[in-house]
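Data first, discussion second: the structure below is written as structure tokens.
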Amino acid sequence: MNNVDKVMASAADAVADIPEGASLAVGGFGLCGIPTVLVGALLAQGADGLRVVSNNCGVDGQGLGILLAAGRIARVTGSYVGENKEFARQYLAGELEVELTPQGTLAERLRAGGAGIPAFYTPAGVGTQVADGGLPWRYGPDGSVSVASPPKETREFRGRTYLLEEAVTTDFSLVRAARGDRHGNLVFHRSAANFNPLAAMAGRITIAEVEKLVEPGTIDPDAVHLPGIYVDRVLGPVPADDKGIEKRTVRTREERH
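Start counting the sequence shown at 0; every next residue gets the next number (numbering that gives the first Met the number 0).
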């Protein structure tokens with residue numbers, strides 16, 4: 000691979016150097032836009048003690064949920080426990096450290112990290128334990144709080160109180176895109192453009208799996224959602240039919256009419 004062509008030979012090669020205890024920003028929302036191939040390769044690779052930053056931690060048996068079930072995640076910074084029963088069990092049992100943060104704040108912390116902004120002020124969380132501290136990050140075996148969130152610095156602007164949130168940067172980022180070229184320019188499909196661009200920006204080494212791999216110059220520059228300067232490795236093409244459905248709802252024939 001030369002310094003322009005970022006395509007990796009395999010998923011195993013793409014994640015081979017992720018070490019024990021690494022921090023990871025992972026794109027996706029629920030099961031939408033998650034880098035399933037890279038997560039599966041990381042499971043096979045064996046790194047543990049991982050510190051994950053993602054909106055949620057997958058669901059039982061899918062997405063980041065497979066790393067969680069294998070006991071490979073030590074800490075999660077996210078917004079939503081969701082439908083993942085194992086996530087809730089590990090958290091309440093004191094096996095997992097969890098930093099819950101407002102969803103918009105998490106998005107901006109990732110974006111700020113990628114933009115080189117160390118911290119920012121936001122009104123989200125003012126007047127709650129997010130600002131005052133005391134949110135349980137880790138429980139003890141007896142159910143007591145062994146690690147709690149610290150209080151955050153606050154400041155008034157134009158008569159309104161804001162709290163200081165620190166940006167997030169990670170050792171690696173794992174993201175998924177609908178299309179990408181060999182230089183790492185990415186296009187996301189609709190709602191898959193949720194946390195993926197932001198997670199990609201925050202990683203020191205960003206690995207993108209793409210459903211359709213195209214040659215440089217194929218993607219209209221105006222259509223690029225994330226420029227290749229943020230992407231270090233590209234894996235593709237990956238299967239486009241591996242997307243799970245978090246909650247399946249159906250209607251009866253009478254209801255459809």
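Heads up, the beta-carbon is just placed ideally off N, CA and C, and yes, glycines get one too.
As the structure is a computational prediction, the values presented were derived from the model and not from experiment.
The criterion of a C-beta distance shorter than 9 Å is satisfied by P236 and K211. Scanning the region 70–107 for uninterrupted beta strand (DSSP E) segments of 3 residues or longer gives 72–77, 96–99, listed from N- to C-terminal end.
If you draw a 10 Å sphere on the C-beta of I206, you find 16 or more other C-beta atoms in it, and that means buried. A43 and G112 have their C-alpha atoms some 29 Å from each other. If the five residues before and after G103 are omitted, its C-beta is found closer than 7 Å to the C-beta atoms of A123, all from its own chain and listed in chain order. Taking C-beta atoms as the reference points, G126 and T100 fail to come closer than 9 Å. Short of 8 Å from the beta carbon of K84, and not among the five residues preceding or following it, lie these beta carbons of its own chain, in chain order: D59. P140 and G93 have their C-alpha atoms spaced approximately 6 Å apart. Here the region 160–174 makes contact with the region 193–202; the two share three or more CB pairs at distances below 8 Å. Apart from sequence neighbours up to five positions away, the residues of its chain that approach I218 with a beta-carbon distance below 7 Å are R178, D180, N184, V186, ordered along the chain.
Rounded to the nearest angstrom, the gap between the Cα atoms of G62 and A118 is 29 Å. Straight through space, the alpha carbons of R252 and V14 are spaced by roughly 46 Å.
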